[in-house]
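Just so we're aligned, residue 4 is where the sequence shown starts under the working numbering, counting upward by one. Backbone N, C-alpha and C define an ideal beta-carbon position, used for all residues, glycine too. A quick note: this is a predicted structure, and the numbers were derived from the prediction, not measured. See below for the structure under consideration.
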Amino acid sequence: MPAGSGVLLLLLALSGALRAHNGDRTARETCKAGFSEEDYTALISQNIPEGEKVLKVTFSSCSGTTGTQYETDSVDFKVGADGTVFATRELQIPSAEVAFTVTAWDRQTAERWDAMVRLLVAQTSSAHSGRQQQQQQQQQQQLARGLRRQKRDWVIPPINVPENSRGPFPQQLVRIRSDKDNDIPIRYSVTGVGADQPPMEVFSIDSMSGRMYVTRPMDREERASYHLRAHAVDMNGNKVENPIDLYIYVIDMNDNRPEFLSQVYNGSVDEGSKPGTYVMTVTASDADDSATANGMVHYRVVAQSPPSPAQNMFTINSETGDIVTVAAGLDREKVQQYTVIVQATDMEGNLNYGLSNTATAVIMVTDVNDNPPEFTASTYVGEVPENRVGTVVANLTVTDRDQPHSPNWNAAYRVISGDPSGHFSIRTDPVTNEGMVTVVKAVDYELNRAFMLTVMVSNQAPLASGIQMSFQSTAGVTISVMDVNEAPYFPSNHKLIRLEEGVPAGTVLTTFSAVDPDRFMQQAVRYSKLSDPANWLRINASNGQVTTAAALDRESLYVRNNVYEATFLAADNGAPPASGTGTLQIYLIDINDNAPELLPKEAQICERPSLDAVNITAADADADPNVGPYVFELPSAPAAVRRNWTITRLNGDYAQLSLRILYLEAGVYDVPIIVTDSGNPPLSNTSVIKVKVCPCDENGDCTAAGAVAAAGLGTGALVAILLCIVLLLTLVLLFVLWMRRREKERHAKQLLIDPEDDVRDNILKYDEEGGGEEDQDYDLSQLQQPEAMEHVLSKAAGVRRVDERPVGAEPQFPARPVGPHPGDIGDFISEGLRAADNDPTAPPYDSLLVFDYEGSGSTAGSVSSLNSSSSGSGDHDYDYLNDWGPRFRKLADMYGGGED
């Protein structure tokens, strides 16, 4: 039998003995139903076959075990009727512990009892058993081979070094020694991580004695184990022994506190939750060895704020960190948030030896709809005018202690009685949560003077389980209806009557009366005409009797689809007055009062009989049966009509007009035709159709000449028209030739003087500058102070004012003599013009107003010098100025007139 099985059977025996002892003690005490223990613990192997029994639970029902049944919350283990716990299938336990709950319940009383079962996996025992089996196999192999001496190898067991040792250093760990050191000197050395590989020189060895040392404190969290190789060589470096592996394990010490993944955890739980409701999970980790108590973290709640309604509203699973509710009474309307301080302690939660750390769990109590809305009053009052829609009649106020502006708080109103016709609806104000009773269908004072409504309020979200509606969730609303003056109305609107057209004026058609809905008001109704397009009707202002004012004509433009419409107004004498309209429709029955008209009015036909003919028909404004079939016939007078023309009937509405004779001279003929309809009595009409008779080509179409001849123009008239056109073109040509000749003569005329001396062109060119000073907007200050030019000199190139003096070198114009000869005027002007054109400082052509600036120190003398010069000499001849045109004629008269 394996050692592990022996240990397991030993534990089962001990457990059975304990259970027997406890059973005897329980029997001696007062009977109380329940398990003998709250926690059962057993040691099991890692591999469990199917059906293997692991332990037995003891339950006492005080009435025997006949009515007791067992259940577990594990799918791997079940409980038999005798309380034996066994495996349901072959298991390989991966963890160090298995825990589940065993439940016993009495079928007669339906009571239930729970007990916890913890199964610990015996891993060390299993490993020890494996080593024993291996040793036994080795011994059997040695016996099979026989006894013989073998070479003894040096074997070093694993070395354990506690971390955080305080020294002194170097501290000896082990001594390595070969059995050959008695014969020859041996040198020892170690290699590997921690010796000759980083981290370097953690371990050292005395090469002569083989003593191995650690040179500094170890940290298991930095490195938990080291694998070195020890070497033994002689003084010449020859290998004496094979290298041996050294395993150095750093023993963990409790030198690290548990650390929470977050200092603040946020969770939530619904108000009113039952005990045991999951809230959240907090997690802490410990850097120490998790396989030892140093790294086994347990949790507990150390503080809760606020301590309402109880100090311990929450608890935490010591191993998993799950926070659950432990007490009832969570109410968001009283406490909206809890702050729970959670402590994590290693050493399996031992506060005396373990290290601890804390974190904060903030638990929000979420709202559930556990408070129904309640009206603040039992009755509400409102009033509304009749016939008013969209008016808010009353505001209903409610209170709700749930979270505002959430589905648990938002109110929904409805009318449960008192409004069978659906005149009212209740809208919810999203801000105040008030109910606004609104009129959605007009109310009538004459029908309902008041309404007694019963309304109910609820939430958008349903109430939580177990919460009942409050009696204050219903209320009454009394709504009074106010009477207002309503407009009269016509009961039959639109009213339709039928009569024949053409009834005489004054005929009574109908009585179109209105009804005043205000039965409780003594009011009179007056009638008037609002719309009568043809002005055919009258209405009595007192009783609404409608009579004709003129004959009604069905064929009128105001009649559509045989129906004539008129609108009448009915107004009462209330305060304020009210009025209503009604439409009277008159269906006019047709009578035969319109004779037919021939169509078409004009036609065209060949002068010789052929296959073509004129298709004629008739149009009648009347309706069936006062229209077709029509009768078409030619009148007996004049006789030429029936001699030249004939009519052939095609059907009831169409006939053909054609020539009776073999030839008819081209022209336009008026052919009278008598058309008779089928009315009772029938009406006839003589219509004239204009027929153009013309010569035709071989296709039966009128030729162009024939069309003209048919239009009534003879050959003489055509010749006269052509002659007029030719004469008109000749006159236009002569006029053009005369204009061209005159233009050539004007250009060929010689000038009387030399072109350079002709000042007329220059004068005309100067005239293009514009008006004089009185027509321009000048800065006269520049003319008064010409010396102040600093602002002009500072201007950028190309920017000038037309009323400023040019800056820079001014052109030097030739000085005029004191007494110039009048013949020099033309030369003077021409020279000045050339100088101005060649002057680069001169302004543009459209800025020649700069010449208006005279400046100071002019080279010209006084204008009076011209007069004084000419006064001293009277032998000059100025008559040639008369040849220069009318502009110089006055000058010639002034100087050439002698004493005159």
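Let me know if V913 comes out buried or exposed under the rule of 16 or more other beta-carbons within 10 Å of its beta-carbon.
Any property of residue 913 remains undetermined from this structure, which presents the chain solely from 4 to 903.
For R645, report the span of its alpha helix (DSSP H) as first-last.
For the purposes of this step, residue 645 is taken as residue 642 along the sequence shown, with counting starting at 1. Counting along the chain, the alpha helix (DSSP H) containing R645 begins and ends at A642 to N647.
In the stretch 559-622, which residue ranges form an unbroken beta strand (DSSP E) of at least 3 residues, counting only runs that do not cross its ends?
With a minimum length of 3 residues, the continuous beta strand (DSSP E) runs that stay inside the stretch 559-622 are 566-575, 582-592, 600-602, 605-609 and 617-622.
Quick one: what does DSSP say Y356 is sitting in, helix, strand or coil?
The sequence position of residue 356 within the sequence shown is 353, counting from 1. Residue state, collapsed to three classes: coil.
Taking the C-alpha atoms as reference points, what is the distance between V236 and K242?
As a working mapping, residue 236 is identified with position 233 in the sequence shown. As a working mapping, residue 242 is identified with position 239 in the sequence shown. Answer to the nearest angstrom: the Cα atoms are 4 Å apart.
Cβ contact (3+ pairs, closer than 8 Å) linking the stretch 342-359 and the stretch 300-312:
Judged by Cβ distances under 8 Å, the stretch 342-359 makes contact with the stretch 300-312, as three or more pairs qualify.
Selection from D627, A626, P188 and I664 that minimises the alpha carbon distance to V644
Walking along the sequence shown from the start, residue 644 turns up at place 641. Between V644 and the set D627, A626, P188 and I664, the nearest pair of CA atoms involves I664.
Counting only runs that start and end within the stretch 340-426, where is the beta strand (DSSP E) found for 3 or more residues in a row?
Runs of the beta strand (DSSP E) inside the stretch 340-426: 340-348, 359-369, 382-388, 395-399 and 414-420.
Per DSSP, which one or two residues make a beta bridge with N688?
Within the sequence shown, numbered from 1, the residue matching residue 688 stands at position 685. Beta-bridge pairing links N688 to V678.
Report the rounded CA-to-CA distance for V395 versus V442, giving the unit in angstroms.
To locate residue 395, count along the sequence shown from 1; it is residue 392. To locate residue 442, count along the sequence shown from 1; it is residue 439. The alpha-carbon atoms of V395 and V442 are separated by roughly 7 Å.
Output the distance between the C-alpha atoms of P410 and S424, rounded to the nearest integer angstrom.
Residue 410 sits at position 407 when you count from the first residue of the sequence shown. Residue 424 sits at position 421 when you count from the first residue of the sequence shown. CA-CA distance, P410 to S424, rounds to 30 Å.
According to DSSP, Q307 sits in a beta bridge with which residue or residues?
The residue you call residue 307 lines up with position 304 of the sequence shown. Q307 is bridged to V343.
What are the residues that DSSP puts in a beta bridge with V327?
Mapped onto the sequence shown, residue 327 falls at position 324. In the DSSP output, where bridge partners are listed per residue, V327 has Y281 and T318.
DSSP state of Q153 mapped onto helix, strand, coil
Here residue 153 corresponds to residue number 150 of the sequence shown, with the count starting at 1. Note that Q153 scores 35 on pLDDT, short of 50, meaning its location in the model is unreliable and no value can be drawn from it.
Using a 10 Å radius around the Cβ and a threshold of 16 neighbouring Cβ atoms, would you call L58 buried or exposed?
Here residue 58 refers to the residue found at position 55 of the sequence shown. Burial is judged here by how many other beta carbons sit within 10 angstroms of a residue's own beta carbon; L58 has at least 16 and is buried.
In the DSSP output, which residue or residues are listed as bridge partners for C705?
Locating residue 705 in the sequence shown gives position 702, counting from the first residue. Answer is C699, bridged to C705.
Report, in whole angstroms, the separation of the C-beta atoms of V484 and L399, which I expect to be a contact under 8 Å.
Start at 1 with the first residue of the sequence shown, and residue 484 comes out as number 481. Start at 1 with the first residue of the sequence shown, and residue 399 comes out as number 396. The Cβ separation is near 19 Å, so there is no contact.
How about T71 and F80: do their beta carbons lie closer than 8 Å?
What you label residue 71 is simply residue 68 of the sequence shown in a count that begins at 1. What you label residue 80 is simply residue 77 of the sequence shown in a count that begins at 1. Contact: no.
Option in A598, F515, P494 and S210 with minimal Cα separation from Y191:
Mapped onto the sequence shown, residue 191 falls at position 188. Minimum Cα-Cα distance from Y191 among the listed residues A598, F515, P494 and S210 corresponds to S210.
When you compare the CB positions of L456 and V418, do they come within less than 8 Å of one another, or not?
Taking the first residue of the sequence shown as 1, we reach residue 456 at position 453. Taking the first residue of the sequence shown as 1, we reach residue 418 at position 415. Going by C-beta atoms, L456 is nearer than 8 Å to V418.
Taking the alpha carbon of T382 as the point to measure from, which residue in P246, R121 and G479 has its own alpha carbon closest?
Here residue 382 corresponds to residue number 379 of the sequence shown, with the count starting at 1. When each option's Cα is compared against that of T382, the closest is G479.
Check: D615 C-beta below 7 Å from any heavy atom of the ligand PLP
Within the structure as shown, the ligand PLP is missing, as the structure has no ligands at all.
So, helix, strand or coil for K747, using DSSP?
By 1-based counting over the sequence shown, the position of residue 747 is 744. In the three-state DSSP reduction, K747 falls in the helix class (H, G or I).
So the beta strand (DSSP E) I664 belongs to, where does it begin and stop?
If you number the sequence shown from 1, residue 664 lands on position 661. I664 -> no beta strand (DSSP E), and no H or E assigned at all.
Going by the CB atoms, is the gap between G505 and D596 shorter than 8 Å?
Indexing the sequence shown from 1 puts residue 596 at position 593. Indexing the sequence shown from 1 puts residue 505 at position 502. Yes, the pair counts as a contact, with Cβ atoms nearer than the cut-off.
Would you list the residues sitting across from Y898 in a DSSP beta bridge?
On the sequence shown, position 895 is the one that residue 898 refers to. BP columns for Y898 are empty, so no partner.
How far does the beta strand (DSSP E) with G469 in it extend, from its first residue to its last?
What you label residue 469 is simply residue 466 of the sequence shown in a count that begins at 1. DSSP places G469 in no beta strand (DSSP E); its state is neither H nor E.
For the candidate residues F515, R260, A552 and A464, whose alpha-carbon lies nearest to that of P507?
Position 504 of the sequence shown, counted from the start, is the residue given in the question as residue 507. Comparing Cα-Cα distances from P507 to each of F515, R260, A552 and A464, the minimum goes to A552.
Where the beta strand (DSSP E) through R529 begins and ends:
Locating residue 529 in the sequence shown gives position 526, counting from the first residue. V528 to S534 is the span of the beta strand (DSSP E), which, as asked, contains R529.
Are at least three pairs of beta-carbons, each pair with one atom in the stretch 512-525 and one in the stretch 457-475, less than 8 Å apart?
The answer is no - the stretch 457-475 does not touch the stretch 512-525, with fewer than three Cβ pairs under 8 Å.
Flag this pair as touching only if the stretch 328-338 and the stretch 368-376 have three or more C-beta atom pairs under 8 Å; answer yes or no.
Taking 8 Å as the limit for Cβ pairs, the verdict is that the stretch 368-376 does touch the stretch 328-338.
Thinking C-beta only, is V217 closer than 8 Å to P173?
Taking the first residue of the sequence shown as 1, we reach residue 173 at position 170. Taking the first residue of the sequence shown as 1, we reach residue 217 at position 214. Taking 8 Å as the Cβ cut-off, P173 and V217 qualify as a contacting pair.
Neighbourhood of E351 by C-beta, 6 Å cutoff - its chain only, sequence neighbours within 5 removed:
One-based indexing of the sequence shown puts residue 351 at position 348. Counting only Cβ-Cβ distances below 6 Å, and skipping sequence neighbours, we find A296, M299 and H301.
Taking DSSP's pairing of strands, which residues face W108 in a bridge?
The residue given as residue 108 occupies position 105 in the sequence shown. The partner list for W108 (beta bridge, DSSP) reads Q72 and R115.
Is it right to say H497 is buried, meaning 16 or more other beta carbons lie within 10 angstroms of its own, or is it exposed?
For the purposes of this step, residue 497 is taken as residue 494 along the sequence shown, with counting starting at 1. Burial call: exposed.
In this structure, what does DSSP give as the bridge partners for E100?
Here residue 100 corresponds to residue number 97 of the sequence shown, with the count starting at 1. L123.
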